[in-house]
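Asks: The structure under discussion is supplied below as C-alpha cells; questions concerning it will follow.
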Amino acid sequence: MTPTPAFPELLSLIDGRSVALRAAVAAGALDAPVPGCPDWSLRDLTVHLGQVQRFWAVVVADADPAAAPTPERVPDPQPHGDLLDWSAESTRLLLDALGEAGPSQPCWTWWGPSGAPMTAGAVARHQVQEAAVHAFDAQEAFGAPEPLPGPVAVDGVAEFVQVGLGSEGAWPHPPARIAFTATEGPSWLVDLSGAGARLDPDGGGEPLTTVRAPAGDIVLALYRRIPLERVEVEGDRALAQRLLAWGDTE
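Take 2 as the starting number for the sequence shown in the numbering used here and just add one per residue.
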C-alpha cells in the first residue's frame, strides 16, 4: 500500500486543487454545464465545494466524534458578493481549522463504518480528493481537463476504496477480488465480499479482474468521471462495471 502524503502536503494539495477549480471557473461561464455532474452548472459546482469546505471546517473545529454540526452552525453557507471570493474564504476556513487541529485530533465523519480513522488527518485526506475531482469537473466544463497531480492520484485509489467503498456495507454481488495497477508502479488489491470492500487483504486469492492505467485515470474512473473504456481491463470486465456502478461518487 502506498503511504498517505504527510499532513502539511495534504493541506497544500487542498489549497492547490481549490485554486485550480477557481481558475477554471474564472475562465468559463458560470452557467456552463458540468459533464461530471450533469445536473450542475459551474456556479453550482463552486457553491457545492464551498459548502463542503465550510461544513468540514466546523466539524474539525468541534472535535466531537459523536455528532455532526447542525446546518445552522455552518457560517455563510450561501454565497454573497463575489462567488470566487466566497469560495476562497471557504477554503481558508477549512485550512485554518485543519491546521489548528493537527492530524490526530478526533472528529465526526460519515465514514465510521469503514474503519478509516475519524480524525482531522482523515478529513484532510478526503478533502484533497473532493477538491481535486471537482477541479477536474470545472476544467472539463470548458474542455480543458488536466491530469490529477501525482500525489493526489496515487493516494486517491486507496482513499476511495478505504473510505468511499468501505462505507457502503456488504458487497451486493458474489465475492471477488479486483486489482488496480497504476502505470507509475503502485498496485492495490481489493477484496469484495459480504464484509464489504477491503484494501490489500490478507491471504491468497487471485483477482478476477485487473485494471491498468495511470493512477489519475483509475481515480477518475472510480469516481465515474471517465468511462471504463479509457482504462485497460483484463479478466472479468463485468466485475469492473459492477464495482464502478456501486456507491456514491458526488
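Quick reminder that beta carbons are idealized off the backbone N, C-alpha and C, glycines included.
Note that the structure is predicted; figures quoted are calculated from it, not measured.
1) Which residues mark the beginning and the end of the beta strand (DSSP E) in which Leu200 is found?
2) Residues in the same chain with beta-carbon distance under 8 Å from Gly29, minus the five sequence neighbours each way, listed in chain order, please.
3) For Arg178, which residues does DSSP report across the bridge?
4) Please report the distance separating the alpha-carbon of Pro78 from that of Gly236.
5) Output yes or no for whether 8 Å exceeds the beta carbon distance between Leu99 and Ala125.
6) For Ala214, which residues does DSSP report across the bridge?
7) Determine which residues share a DSSP beta bridge with Glu207 and list them.
8) In three-state DSSP terms, what is Gly236?
9) Consult DSSP for Thr120 and reduce its assignment to one of helix, strand or coil.
10) List the endpoints of the continuous alpha helix (DSSP H) containing Ser42.
11) According to DSSP, is Pro34 helix, strand or coil?
12) When you compare only the Cα positions, how much space is there between Ala239 and Pro175?
13) Taking the beta carbon of Ser19 as the centre, do at least 16 other beta carbons fall within 10 Å, making it buried, or is it exposed?
14) Tell me Pro107's beta-bridge partners as DSSP assigns them.
15) Measure from the C-beta of Asp237 to each C-beta in chain B and report whether the shortest distance is under 8 Å.
16) Any contact of the stretch 59-66 with the stretch 164-184, i.e. 3+ C-beta pairs under 8 Å?
17) Whole angstroms are fine: how far does the CA of Asp201 sit from the CA of Trp57?
18) Given that a residue counts as buried once 16 or more other Cβ atoms are within 10 Å of its Cβ, and exposed if not, what is Glu160?
19) Under 8 Å between the Cβ atoms of Thr210 and Val232?
20) Taking just the CA atoms, how far does Arg178 sit from Glu90?
Replies: Per the coordinate set shown:
1) On the sequence shown, residue 200 is found 199 positions in, with the first residue counted as 1. Here the beta strand (DSSP E) through Leu200 covers 197-200.
2) Within the sequence shown, residue 29 is the residue found at index 28, counting from 1. The answer, listed in chain order, is Leu43, Ala139, Ala142, Phe143.
3) As a first step, residue 178 must be located in the sequence shown, where it is residue number 177. Answer is Asp192, bridged to Arg178.
4) Position 77 of the sequence shown, counted from the first residue, corresponds to residue 78. Position 235 of the sequence shown, counted from the first residue, corresponds to residue 236. Whole-angstrom Cα-Cα distance: 46 Å.
5) Counting from one through the sequence shown, the residue named residue 99 turns up at place 98. Counting from one through the sequence shown, the residue named residue 125 turns up at place 124. Their beta carbons are under 8 Å apart, which means Leu99 touches Ala125 by this criterion.
6) Counting from one through the sequence shown, the residue named residue 214 turns up at place 213. Ala214 pairs with Ala183.
7) Looking up residue 207 in the sequence shown gives position 206. BP columns for Glu207 are empty, so no partner.
8) Counting from 1 along the sequence shown, the entry for residue 236 is found at position 235. In this structure, Gly236 counts as strand in the three-state DSSP scheme.
9) Within the sequence shown, residue 120 is the residue found at index 119, counting from 1. Three-state DSSP puts Thr120 in a strand.
10) Here residue 42 corresponds to residue number 41 of the sequence shown, with the count starting at 1. Where Ser42 is concerned, there is no enclosing alpha helix (DSSP H), although the beta strand (DSSP E) it sits in stretches over 38-42.
11) The residue labelled residue 34 in the question sits at position 33 within the sequence shown. Reduced to three states, the DSSP call for Pro34 is strand.
12) Translated into the one-based positions of the sequence shown, residue 239 becomes position 238. Translated into the one-based positions of the sequence shown, residue 175 becomes position 174. For Ala239 and Pro175, the distance between alpha carbons rounds to 12 Å.
13) For the purposes of this step, residue 19 is identified with residue 18 of the sequence shown, where counting begins at 1. Ser19 should be labelled buried.
14) Position 106 of the sequence shown, counted from the start, is the residue given in the question as residue 107. Per DSSP, Thr120.
15) Among the protein chains of the structure shown there is no chain B, as only one such chain exists.
16) no
17) The residue you call residue 57 lines up with position 56 of the sequence shown. The residue you call residue 201 lines up with position 200 of the sequence shown. Roughly 29 Å separates the two Cα atoms.
18) Position 159 of the sequence shown, counted from the first residue, corresponds to residue 160. It counts as buried.
19) Sequence index remark: in the sequence shown, residue 210 carries index 209 (1-based). Sequence index remark: in the sequence shown, residue 232 carries index 231 (1-based). No, these two residues do not count as a Cβ contact at 8 Å.
20) Locating residue 90 in the sequence shown gives position 89, where the first residue counts as 1. Locating residue 178 in the sequence shown gives position 177, where the first residue counts as 1. Their backbone Cα atoms lie some 43 Å apart in a straight line.
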